[in-house]
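Trainee: I have a structure I would like to understand better, so I am pasting it below and will then ask my questions one at a time.
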Amino acid sequence: MSLSRSSKEALTALLYLLPALVILIGFRFIPIVLAVRISLYDWGMAGPRQFLGLGNYLAVIKDPLFYRSLVNTGWYVLFEVPVTIFVSLFVAILLNQQIRGLGIYRTVYYLPVVTSIVAVSVIWKWLYHPDRGVLNYLLSLVGITGTRWLQEPRGIFQLVLGAHSENLPFLLRGPSIALLSLVLMGIWKALGYNIVIFLAGLQNIPQAFYEAAKIDGASRFQTFWKITWPLLSPTTYYVLIMSSIAAFETFSQIWIMTGPPPGGPLGTTKVVMYYFYENAFELWRLGYGAAIAFIAFVIILCLTIFQRVFLEKRVHYG
Amino acid sequence: MDKSGFRYIPIHLLLILGGLGMLLPFYWMVVTSLKTPIEALRFPPTWIPALLQFRNYPEVFRQIPFWRYLGNTVFITFLTLTGVLVTGIPAAYAFARLRFPCRESLFMGFLALMMIPLPVYLVPSYIVLYKLGWIDTYAAMIVPWIVNVFSIFLLRQHIKQLPQDLFDAAKIDGCSHWRILIKIVVPLCKAPLATITVFNVISSWNSFFWPLIVTNSDHIRPLQVGLAYFSREQSTNYTLLMAAATMAIIPLIILFFIAQRQIIQSQARAGLKE
C-alpha cells in the first residue's frame with residue numbers, strides 16, 4: 001500500500017504532534033470539560049453526591065464571603081496595576097535617556113522578578129514586622145510610628161476619615177492596610193518586568209519623531225503627550241492586560257504572609273484565588289470551588305473584553 | 001558627548017534611590033541571616049551584624065531536609081524541561097512546516113488552552129491525578145507540565161522564518177523530515193531554545209500553587225513548598241527563615257546573572273509581539 005505524498009505528510013504531522021496532543025487533551029482539555037460537570041454537583045472527595053444544576057453558581061453569587069473576596073481582589077487590582085504602570089513607565093523613561101549604567105540599573109530593578117514569590121513573601125513578612133521590622137524603623141526616622149502593616153484590618157478610607165467611621169459599610173472602608181501592604185510588595189515585585197517591556201516599547205519609537213518635535217520647539221511635556229504616549233499605547237495596553245490578570249490571580253502571598261488564619265486580619269486580604277483554594281482544597285467542596293473558578297474566569301474575561309472594547313480604540317498601532 | 005554632563009545627575013539620583021529601595025529587601029534578608037537571633041530582634045536594628053556568624057545556615061539543615069527539597073526541585077525542573085523540549089520541538093515543526101488538515105484551527109485550539117487560567121482546571125486535574133493514583137508523586141508535578149504551549153508558539157514563529165531554500169535543498173537531497181528537524185532546524189533554533197530553557201527553568205523552579213496542592217508528604221516537596229511550610233512552622237524564627245530564603249533564591253540569582261541578556265531581551269520581545 002502506498003500513500004500519497006500529502007497523506008504521508010499528514011501522518012508525519014500527526015506523529016510529531018501526538019505527544020503534545022495526548023498531554024494537552026489529558027491534562028487540560030478533559031479537565032476543563034470535567035470542571036463544568038463538577039461545578040454542577042455537590043462534589044466532595046468521595047465523588048458526586050447530588051446534582052444541583054446551577055445551584056453552586058447561584059450559591060456563589062449570593063455568598064457574602066465571595067462578594068467580599070471579590071471586593072478585596074478589586075481593591076488589589078485597582079491599587080496595584082495603575083501604580084505599577086505609572087512607576088515603571090517613569091523609570092523606563094529615565095533609563096531611556098541614554099544614561100550610563102543602564103545595564104546595572106536594569107539588573108537591579110529586574111532582580112525581584114526572578115525571585116520566587118515564596119521567598120519574597122517570607123522576606124517581606126519580616127520587613128513588615130510591626131515591632132522589629134526595618135520598614136517601621138525607617139518610618140520612625142521620619143516620625144511615623146505604630147504602623148501595624150499586615151496586622152492592620154482597618155481600611156484606608158476609614159483611617160483617613162478618622163474615629164467616626166467605625167460604622168462605614170464594608171465597601172466604603174477601602175482596602176485594609178494589610179491588603180495595601182501586599183499591594184506595595186506586589187508593585188516591588190512586578191516593577192522590573194514592566195520596565196523592561198516599556199523600555200523595549202520606547203526604543204521602538206522612531207527617533208525621527210523626536211527630532212521633528214525638537215525642530216518645532218515642542219516642550220518636553222508636549223513631546224511626551226503627543227509622541228511618546230500615543231506611540232507607546234500598544235505596549236501600555238499589553239502591560240495593563242497582563243498586570244490585571246496577574247494581580248487578579250494573587251494567591252501565594254496570602255498563604256504565606258497573612259493570618260493565621262490566612263486571609264486575615266478579619267478577612268481583609270482574602271482574595272478570590274484564596275477563597276477558591278480554601279473552598280476546594282481545605283473544605284473539599286470541589287463543586288463549589290469549581291463554580292468559583294468559572295465565575296472568576298468569566299469576570300477576568302469580561303474585564304479583558306471591556307478593556308479591549310473601551311481602550312483599544314485609543315490604542316495607536318503604528 | 002555630554003553623557004557625564006550635569007543634566008544626568010538628578011536622573012542618576014532618582015534611579016539610585018529607587019535601586020536602593022529595590023535592593024533593601026535582599027540586603028535585609030542576607031544581613032538578618034548572618035545575625036544572632038537576639039541581635040535580629042534588636043530595635044533599632046543594626047545595619048551590619050555586630051557579630052558576623054554563619055550558624056543559622058547549618059541550623060536550617062538541621063530543621064528541614066533542605067537538600068531533599070533542593071534535589072526534588074532540580075529533579076522536577078530538569079524532567080519538566082526535557083519534556084517541554086521533546087514534545088515542543090516536533091510539534092512546533094509540524095505547525096510551521098508540515099501541511100495537514102485543520103492545521104491553523106488546531107493551533108488556535110492550543111493557544112486557547114493556554115489562555116484558560118489555572119483555577120479552572122485545578123479541581124478536575126486534582127481528581128484526574130487522584131484517580132491515576134498520582135497524588136503525592138513526582139509524576140503529578142511533572143507530567144501535566146511537559147507541554148508548554150507558549151514554547152511551541154515561540155519555536156513555530158522562529159521555524160516559519162527560516163528560509164524556504166534550506167528545506168527545498170534538504171528535500172532534493174532526500175532528507176526525511178526527522179533528519180531535517182534534527183540536523184537543520186534544531187541547530188538554527190539556538191536562540192529560541194535558550195529562551196524556552198530559561199523560561200521553563202524559572203517557572204518550574206518558582207512554581208508553588210500546583211505542587212502545594214498535589215503533594216502531602218514532606219520528602220517529596222519541592223523547595224518553594226518546603227520553604228512555605230517552614231515559614232508557617234517557624235513564623236517568628238527570622239534568622240533561620242532568612243537563611244533558608246537566601247539559599248532558596250541563590251541558584252536562580254546565579255542563573256539570572258549568567259543568562260541575564262537572554263532573559264531580559266526575550267521577555268521584552270515577547271511583550272512587543274502581542
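From first to last, the protein sequence lines are chains R and W.
Under the numbering used here, think of the first position of the first sequence as 1, with each following residue one higher.
Under the numbering used here, think of the first position of the second sequence as 1, with each following residue one higher.
The beta carbon of each residue, even a glycine, is placed where N, CA and C say it ideally should be.
Source: prediction; values computed, not measured.
1. Would you mind sorting asparagine 136 of chain R into buried or exposed? The rule is 16 or more other CB atoms within 10 Å of its CB.
2. Do you know offhand how far tyrosine 237 of chain R's Cα is from phenylalanine 224 of chain R's?
3. Go ahead and pull the three-state DSSP assignment for glutamine 50 of chain R.
4. Taking the CB atoms as reference points, tell me whether tryptophan 28 of chain W and leucine 184 of chain R lie closer together than 8 Å.
5. Thinking threonine 77 of chain W and valine 201 of chain W are a contact (beta carbons under 8 Å), I'd like their distance in whole angstroms, please.
6. Could you pull out every unbroken alpha helix (DSSP H) segment of at least 4 residues lying fully inside the segment 17-72 of chain R, listed in chain order?
7. Return the Cβ separation of leucine 166 of chain W and proline 192 of chain W in integer angstroms, given the expectation that the two are a contact with Cβ distance under 8 Å.
8. What are the start and end residues of each continuous alpha helix (DSSP H) run of 4 or more residues lying completely inside the segment 187-237 of chain W, in chain order?
9. Let's see if you can read the secondary structure: which residues bound the alpha helix (DSSP H) around alanine 280 of chain R?
10. Can you name the residues of chain R whose CB is closer than 8 Å to the CB of alanine 194 of chain W?
11. What's the C-alpha gap between valine 81 of chain R and leucine 18 of chain R?
12. What's the C-alpha gap between proline 58 of chain W and isoleucine 300 of chain R?
13. So arginine 42 of chain W and histidine 219 of chain W are in contact, right, with Cβ under 8 Å, and what is the actual spacing, rounded?
14. Need the endpoints of the alpha helix (DSSP H) that lysine 313 of chain R sits in, please.
15. Whether or not the segment 92-102 of chain R and the segment 10-25 of chain W are in contact is what I'm after, with contact meaning three or more pairs of Cβ atoms, one per stretch, closer than 8 Å; do they touch?
16. Within its chain, find whatever has a CB closer than 7 Å to the CB of threonine 195 of chain W; leave out the 5 residues flanking it on each side and keep chain order.
17. Under three-state DSSP, which class holds serine 176 of chain R?
18. With a threshold of 16 other CB atoms inside 10 Å of the CB of lysine 313 of chain R, please say whether the residue is buried or exposed.
19. Evaluate threonine 115 of chain R with the Cβ neighbour count: other Cβ atoms within 10 Å of its Cβ, from every protein chain shown; 16 or more gives buried, anything less gives exposed.
20. Taking the C-alpha atoms as reference points, what is the distance between phenylalanine 157 of chain R and leucine 24 of chain W?
21. Examine the ligand ATP and report whether any of its heavy atoms sits within less than 7 Å of the Cβ of glutamine 50 of chain R.
22. Tell me which residues share the same chain as valine 280 of chain R and place their Cβ nearer than 6 Å to its Cβ, disregarding the 5 neighbours each side in the sequence.
23. Mind checking if glutamine 267 of chain W is an interface residue toward chain A, Cβ cutoff 8 Å exclusive?
24. Within 8 Å (strictly less), CB to CB, does tryptophan 149 of chain R reach chain W?
25. Which residue comes first and which comes last in the alpha helix (DSSP H) that contains alanine 91 of chain W?
26. Which whole-angstrom value describes the C-beta separation of phenylalanine 276 of chain R and isoleucine 254 of chain R, a residue pair presumed to lie in contact below a C-beta threshold of 8 Å?
27. Taking glutamate 166 of chain R as part of the alpha helix (DSSP H), name the residues at either end of that continuous run.
28. What is the DSSP secondary structure of methionine 1 of chain W, counted as helix, strand or coil?
29. Which runs of the alpha helix (DSSP H) fall wholly inside the segment 130-155 of chain R and span at least 4 residues, in chain order?
30. Which residues of chain R have a Cβ atom closer than 7 Å to the Cβ of alanine 140 of chain W, listed in chain order?
31. Starting from threonine 32 of chain W, trace the alpha helix (DSSP H) in both directions and tell me its first and last residue.
32. Please check if any C-beta of chain W sits within less than 8 Å of the C-beta of serine 252 of chain R.
33. Give the range of the alpha helix (DSSP H) segment to which phenylalanine 209 of chain R is assigned.
34. When the distance is taken between beta carbons, is methionine 273 of chain R closer than 8 Å to phenylalanine 297 of chain R?
35. Going by the beta-carbon positions, is the gap between arginine 68 of chain R and glycine 267 of chain R smaller than 8 Å?
Mentor: Result, derived from the coordinates:
1. Position 136 of the first sequence holds residue 136 of chain R. Asparagine 136 of chain R is buried by the Cβ-count criterion.
2. Sequence index remark: in the first sequence, residue 237 of chain R carries index 237 (1-based). Sequence index remark: in the first sequence, residue 224 of chain R carries index 224 (1-based). In a straight line, the C-alpha of tyrosine 237 of chain R is about 17 Å away from that of phenylalanine 224 of chain R.
3. The residue given as residue 50 of chain R occupies position 50 in the first sequence. In this structure, glutamine 50 of chain R counts as strand in the three-state DSSP scheme.
4. By one-based count along the second sequence, residue 28 of chain W stands at place 28. By one-based count along the first sequence, residue 184 of chain R stands at place 184. Not closer than 8 Å, so no.
5. By 1-based counting over the second sequence, the position of residue 77 of chain W is 77. By 1-based counting over the second sequence, the position of residue 201 of chain W is 201. 6 Å between Cβ atoms; contact.
6. When DSSP assignments are scanned along the segment 17-72 of chain R, the uninterrupted stretches of alpha helix (DSSP H) that are 4 or more residues long and fall wholly within it turn out to be 30-39 and 55-62.
7. What you label residue 166 of chain W is simply residue 166 of the second sequence in a count that begins at 1. What you label residue 192 of chain W is simply residue 192 of the second sequence in a count that begins at 1. Not really, about 16 Å apart at Cβ, beyond 8 Å.
8. Qualifying alpha helix (DSSP H) stretches, in chain order: 190-206, 209-214 and 223-233.
9. Locating residue 280 of chain R in the first sequence gives position 280, counting from the first residue. Run containing alanine 280 of chain R: none; DSSP gives neither H nor E here.
10. As a working note, residue 194 of chain W is residue 194 in the second sequence. In chain order: nothing, as chain R lies at least about 16 Å away.
11. Along the first sequence, read from residue 1 onward, the residue named residue 81 of chain R stands at position 81. Along the first sequence, read from residue 1 onward, the residue named residue 18 of chain R stands at position 18. Going by the C-alpha atoms only, they are around 40 Å apart.
12. In the second sequence, counting from the first residue as 1, residue 58 of chain W sits at position 58. In the first sequence, counting from the first residue as 1, residue 300 of chain R sits at position 300. Rounded to the nearest angstrom, the two C-alpha atoms are 45 Å apart.
13. Here residue 42 of chain W is taken as the residue at index 42 of the second sequence, counted from 1. Here residue 219 of chain W is taken as the residue at index 219 of the second sequence, counted from 1. Going by Cβ atoms, the distance from arginine 42 of chain W to histidine 219 of chain W rounds to 37 Å, so no, they are not a contact pair.
14. Residue numbering aside, residue 313 of chain R sits at position 313 when the first sequence is read from its first letter. Lysine 313 of chain R -> no alpha helix (DSSP H), and no H or E assigned at all.
15. Because the criterion of three Cβ pairs below 8 Å is met, the segment 10-25 of chain W and the segment 92-102 of chain R touch.
16. The residue you call residue 195 of chain W lines up with position 195 of the second sequence. Correct list, in chain order: Leu154, Gln262 and Ser266.
17. For the purposes of this step, residue 176 of chain R is taken as the residue at position 176 of the first sequence. When secondary structure is reduced to three states using DSSP, serine 176 of chain R falls in the strand class.
18. Within the first sequence, residue 313 of chain R is the residue found at index 313, counting from 1. Flag for lysine 313 of chain R reads exposed.
19. Here residue 115 of chain R is taken as the residue at index 115 of the first sequence, counted from 1. Threonine 115 of chain R should be labelled buried.
20. Locating residue 157 of chain R in the first sequence gives position 157, counting from the first residue. Locating residue 24 of chain W in the second sequence gives position 24, counting from the first residue. One Cα belongs to phenylalanine 157 of chain R, the other to leucine 24 of chain W, and the distance between them is close to 29 Å.
21. For the structure depicted, the ligand ATP is absent and the ligand set is empty, with no information on it obtainable.
22. Working through the first sequence from its first residue, we reach residue 280 of chain R at position 280. Looking at the sequence itself, residue 280 of chain R is alanine, so the reference to valine does not match. Correct list, in chain order: Leu286 and Gly289.
23. The structure shown contains no chain A; the protein chains it does contain are R and W.
24. Taking the first sequence and counting its residues from 1, the one referred to as residue 149 of chain R is at position 149. False, the Cβ-Cβ gap to chain W never drops below 8 Å.
25. Here residue 91 of chain W corresponds to residue number 91 of the second sequence, with the count starting at 1. First-last of the alpha helix (DSSP H) with alanine 91 of chain W: 66-97.
26. As a working mapping, residue 276 of chain R is identified with position 276 in the first sequence. As a working mapping, residue 254 of chain R is identified with position 254 in the first sequence. Contact doesn't hold; Cβ gap of about 11 Å is too wide.
27. As a working note, residue 166 of chain R is residue 166 in the first sequence. It is not in any alpha helix (DSSP H) - glutamate 166 of chain R carries neither H nor E in the DSSP assignment.
28. Taking the second sequence and counting its residues from 1, the one referred to as residue 1 of chain W is at position 1. A caution first: methionine 1 of chain W carries a pLDDT of 44, below 50, which makes its placement in the model too unreliable to give a value.
29. The qualifying runs are 134-141.
30. As a first step, residue 140 of chain W must be located in the second sequence, where it is residue number 140. Those within 7 Å of alanine 140 of chain W in chain R number zero; the least Cβ separation is about 10 Å.
31. Within the second sequence, residue 32 of chain W is the residue found at index 32, counting from 1. Element bounds for threonine 32 of chain W: 9-33.
32. Here residue 252 of chain R is taken as the residue at index 252 of the first sequence, counted from 1. Yes - at least one Cβ of chain W is within 8 Å of the one on serine 252 of chain R.
33. Along the first sequence, one-based indexing puts residue 209 of chain R at 209. Per DSSP, phenylalanine 209 of chain R belongs to the alpha helix (DSSP H) from 207-215.
34. Here residue 297 of chain R refers to the residue found at position 297 when the first sequence is read from its first residue. Here residue 273 of chain R refers to the residue found at position 273 when the first sequence is read from its first residue. No; because the gap between Cβ atoms is not below 8 Å, this pair is not in contact.
35. Within the first sequence, the letter at position 68 stands for residue 68 of chain R. Within the first sequence, the letter at position 267 stands for residue 267 of chain R. For arginine 68 of chain R and glycine 267 of chain R, yes; Cβs fall inside 8 Å.
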